[in-house]
Amino acid sequence: MKFTLSWLSTFVSLEDIPPQPLAEKLTMLGLEVDAVTPLYQGLEQIITAVVKSVQKHPNGDRLSLCQVNTGADTIQIVCGAPNVRQGMVTALALPGVRLPGGMKIKKARVRGEDSLGMLCSARELGLSEDHSGIMELDSSLAAGMPLDTALGLVSDTMIEVDLTPNRPDCASVLGIAREVAGFTGQKLVLPVQEVPALTGTNDFSVTIEEPALCPRYTARRLTNVTIGPSPQWLQRQLLAVGMRPINNIVDITNFVMLELGQPLHAFDFKKLRQGKIIVRCPHAHEKELCTLDGSRRSLAPDMLMICDGEGPVAVAGVMGGLDSEVTAATTEILLESACFDPVSIRRTARRLNLPSEASYRFERGVDPNIAPVAMERAVGLMVELAGAEVCAGGIDEYPGRKKLRNIRLRPARVCSLLGMELSTDQIAAYLRAIEFPVVPADEENLLVEVPSFRPDIEREIDLVEEIARLVGYNEIPTTMPLIKMDYPVRDALRELRKTVSGVALGQGFFEAINYSFVDEKHLDLMRLHPDDPRRRLTRLLNPLTEEQGVMRSMLLPGLLENVSRNINYQQPDLRLFEVGKVFVQRTPGEQPDENYMLCAVCTGSRYPGASPIHFSGMESDIFDIKGLLEAIIDTLGISGRNISIVPGVENEGEQPYIQPGSALTLIGGEKEIAGIGQVHEEVLRNMGIKQPVYFLECNLHLLGTLPRSGKRFTPIPRYPMMKRDIALLVPEQLPAGDLLAAIRSQRSELVESVDIFDVYSGKPIEKGMKSVALSVAYRSTEKTLDDTTVDKIHEKIVQYLMTEYGGRYRQGTE
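So, in structure tokens, the structure goes:
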């Protein structure tokens, strides 16, 4: 958006605001200024000159020798402009003058003839883009006058603002002026004070067939219009913001669009067939429209068109049609001031690759209430500058009228968010300064009416942002953030999932991530009974495929599919785990229960990828998967007093997918926390797997409820450790772990650790017995132990084990 300070000053006073501070203030208001460009700089050095005579250059076909009166002298200038002639008053740059573009004029010799200056075009002086010839000035001007004085140019500045899409109200001089008035406390001076109602009898009609795409359409007819060039002040204003003057009518529509933000369009009324305006989408047979640029545009069925009684005459909100264009012969016009749907205009402009100043504004949203104001402004200028006569009446169709939004604003909330104290009166004053009506809602709060030109204001927080802009971001006090010196509360279940995953990775397992959407046939493959709770599935209304029609109630089938796929790709040695949700539908029509589960599987070699020279024949077994479960328990610090791993009950109803005789269950607090075992042979056949697979299933929600022992830290031992071994014959059915538990139960302060390093049965051990070898480490935290002390405690432990479990020394070990 470009504007000049002289234009802006017609709305608000800028006497005490220099250009640069104004630009900085606009930027702080959220209207980023891209450029501040002084206008008409250096034109005081350019003078008017009268061409006294013109002769053909003797050595150049397209050059002329001109004798030019500068007011003080007559000099010779070589000129190549085609429009130079005797008696012409034009602009002259003498040697030593620097043009606005930076070029310095010097005395030159052109093809053997002296040239003591340069006759200038409007583009060379930065006044317009016209470079067809040298400037032609008013013939009444005297020679030798400074050009800025001759043209009545005063020092001015052009400012360019980069607008964000949410501020369509600032795509006009009026919108920028409203912002300036807001921070200066001024009242806007509007170019139109009264807007008459558009009623009465008309000799044309307007019909809106697409009210959703055209909420408002106003039109007026003007007669006895004289088409001609615009006055200099209007041309200069358009040129200053980069818009090319065309004729008085088109220039007025462009001027009002830039001034008020409302795009206008003028039709040649005599070219509108049947005197009708119909706002609609094209009919099936209406395929093309020739626009003002002479291009034929293909029309789509959803493009909004402005049509007359027989067909389209303009692309609504984008560009007019060539057939209804205002030309030099036009004497009657129909002036349009309308509002169109932003989405429709954006889609049409993109599809036609036809961006325009009008579509730029309609795409962002034009205030429907500015349409009659812009109409009145343009009509007044056409009467003044084109001699037009306004026909009585006019049409204002407004099917999309909406009630203005009201938002409740809490001053306490404003102060809390901004971190500063503002009174209710101050807040109301800030909002009223940018034309937001404010009334008290109650004793503490305000009721703010959002004006129609601010479609971006939807919530209370938007009003808080407006107040922050007007207060000034630099005025908001800077405070350091309050950071509490405590540990943030973390989700216990999430931390548990991370810990469990870390343990599994450390045990050599790889994490798998499978879809939660699975095939219902999985449950048949797992041999689940028809009344198994895990068959209460949550079905998807719109599944991706038939094989992903339900939410999974188990993780194991997905991992078994991973195992089968890897084996098919000749990767038989696998350790996989997955942490994810399972879904069980307790009550039809309600949300399912969602529980996080851990599932792990291992198969093939115990050491995948290891050299067979060292690990040949070492296959995974139930103890590998049991080791994972024990590692998780140890890492979590779950006390052995609270849990136990017991043989599971191979109940065909509860665990039909476990090979009989291989089930183990982790019990904690009388609840089954986890289960391990070997996958049933029939399940493996169903999955196409021909090697044993061992698995772990663990309910993480229940695992997280088990009590844990806190972390304990002990100093590094200062005194040496002493070891003693025990080798006993015990009944074969006695678990070796019971011997460990028995030694630990003695709670001797000097026993540091106990480990089993050998279990053997067979010859020469007698039948029904087995040999268990244990290593006991002794250490004192206060002194170095001697053999006598250690032997005494060690013998006591050995005697306890013999008495308690019927053990005896192996022959030859005593």
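So for the sequence shown, our numbering puts the first residue at 1; every next one is plus one. For every residue, glycine included, the Cβ atom is placed at its ideal position computed from N, Cα and C.
Candidates the options, of which the one nearest residue i by Cα
i      : options                           : result
Ala266 : Val279, Ala314, Leu127 and Cys290 : Ala314
Gly242 : Arg346, Gly126 and Cys170         : Gly126
Leu95  : Glu495, Glu561, Ser501 and Gln45  : First, the residue type needs correcting, since residue 95 is Pro and not Leu in the sequence shown. Nearest option by C-alpha distance: Gln45.
Cys415 : Glu495, Val471 and Ala284         : Val471
Val343 : Gly365, Pro19, Met485 and Glu384  : Gly365
Pro100 : Cys339, Arg123 and Ala23          : Arg123
Asp621 : Leu598, Val584 and Ser662         : Ser662
Glu520 : Leu537, Glu495, Phe183 and Cys290 : Leu537
Val679 : Asn445, Arg527 and Arg810         : Arg527
Ile395 : Gln570, Asp203, Ala727 and Asp442 : Asp203
Cys602 : Arg685, Ala504, Asn568 and Phe517 : Ala504
Val776 : Thr788, Cys599, Ile765 and Ser748 : Ser748
Asp156 : Ala212, Leu39 and His131          : Leu39
Val326 : Asp491, Arg111, Pro440 and Ile227 : Ile227
Gln186 : Thr27, Ile333, Pro18 and Ala433   : Ala433
Val730 : Gly768, Val693, Leu540 and Ser709 : Gly768
Gln571 : Asn562, Asp16, Thr789 and His529  : Asn562
Asn568 : Met687, Glu546, Gly508 and Arg586 : Met687
Ile407 : Ser140, Glu782, Leu422 and Leu431 : Leu431
Cys120 : Glu681, Ser616, Tyr694 and Asn83  : Asn83
Cβ-Cβ distance between residue i and residue j below 8 angstroms
i      : j      : result
Val735 : Arg779 : In the sequence as displayed, the identity of residue 735 is Pro instead of Val. Against a cut-off of 8 angstroms, the Cβ pair of Arg779 and Pro735 comes out as no contact.
Ile306 : Glu209 : no
Ile689 : Ser564 : yes
Lys52  : Gln67  : yes
Ser64  : Val54  : yes
Gly317 : Ala358 : yes
Ala374 : Ser337 : yes
Leu258 : Ser128 : no
Ala177 : Phe11  : yes
Phe510 : Arg552 : no
Leu706 : Gly669 : yes
Leu264 : Glu389 : no
Leu234 : Phe255 : yes
Ala300 : Arg351 : yes
Whole-number beta carbon distance between residue j and residue i, since they are thought to touch under 8 angstroms
i      : j      : result
Arg454 : Asp162 : Not really, about 19 angstroms apart at Cβ, beyond 8 angstroms.
Ala81  : Gly133 : 4 angstroms
Arg280 : Glu397 : No, Arg280 and Glu397 are not in contact; Cβ-Cβ is about 13 angstroms, not under 8 angstroms.
Leu555 : Val582 : 6 angstroms
Leu628 : Leu696 : 6 angstroms
Ser356 : Gly275 : Their Cβ separation, rounded to whole angstroms, is 27 angstroms, which puts Ser356 and Gly275 out of contact at 8 angstroms.
Thr48  : Gly144 : 7 angstroms
Val439 : Arg405 : Their Cβ separation, rounded to whole angstroms, is 14 angstroms, which puts Val439 and Arg405 out of contact at 8 angstroms.
Exposure of residue i, with buried meaning 16 or more beta-carbon neighbours within 10 Å
i      : result
Gly806 : exposed
Asp531 : exposed
Pro901 : The requested residue 901 is not part of the displayed model; the chain covers only 1 to 814.
Ala142 : exposed
Glu652 : Low confidence applies here, because Glu652 scores a pLDDT of 46, under 50, leaving its location unreliable; read the following figure in that light. Exposed, since its Cβ has fewer than 16 Cβ neighbours within 10 Å.
Ala91  : buried
Trp7   : buried
Ser815 : The chain is shown only over 1 to 814; residue 815 falls outside these bounds and no answer can be derived.
Val646 : exposed
Arg361 : buried
Gly182 : buried
His614 : exposed
Tyr719 : exposed
Glu814 : Here the model assigns Glu814 a pLDDT of 39, short of 50, so the residue's position is not dependable and the matter cannot be decided.
Ala412 : exposed
Ser639 : exposed
Gly175 : buried
Tyr809 : exposed
Leu463 : buried
Ile819 : Residue 819 is absent from the model: the chain starts at 1 and stops at 814.
Val189 : exposed
Gly812 : Its pLDDT being 49, under 50, Gly812 is placed unreliably in this model, and the coordinates cannot settle the point.
Glu578 : buried
Quiz item: In chain order, which continuous runs of the beta strand (DSSP E) of length 3 or greater are located wholly inside the stretch 252-308?
Solution: 264-268, 276-280, 288-290, 296-298 and 305-307
Quiz item: In chain order, which alpha helix (DSSP H) runs of at least 4 residues are fully inside the stretch 1-42?
Solution: 5-8 and 19-28
Quiz prompt | Every unbroken alpha helix (DSSP H) within the stretch 592-666, with a cutoff of 4 residues, ordered by chain | solution = 612-615 and 622-636
Self-check item: Unbroken stretches of the beta strand (DSSP E), 3 residues or longer, contained in the stretch 86-117
Solution: 89-93, 108-110 and 113-115
Quiz item: Along the chain, which unbroken stretches of the beta strand (DSSP E) at least 3 residues long are found entirely within the stretch 697-783?
Solution: 722-731, 751-760 and 769-778
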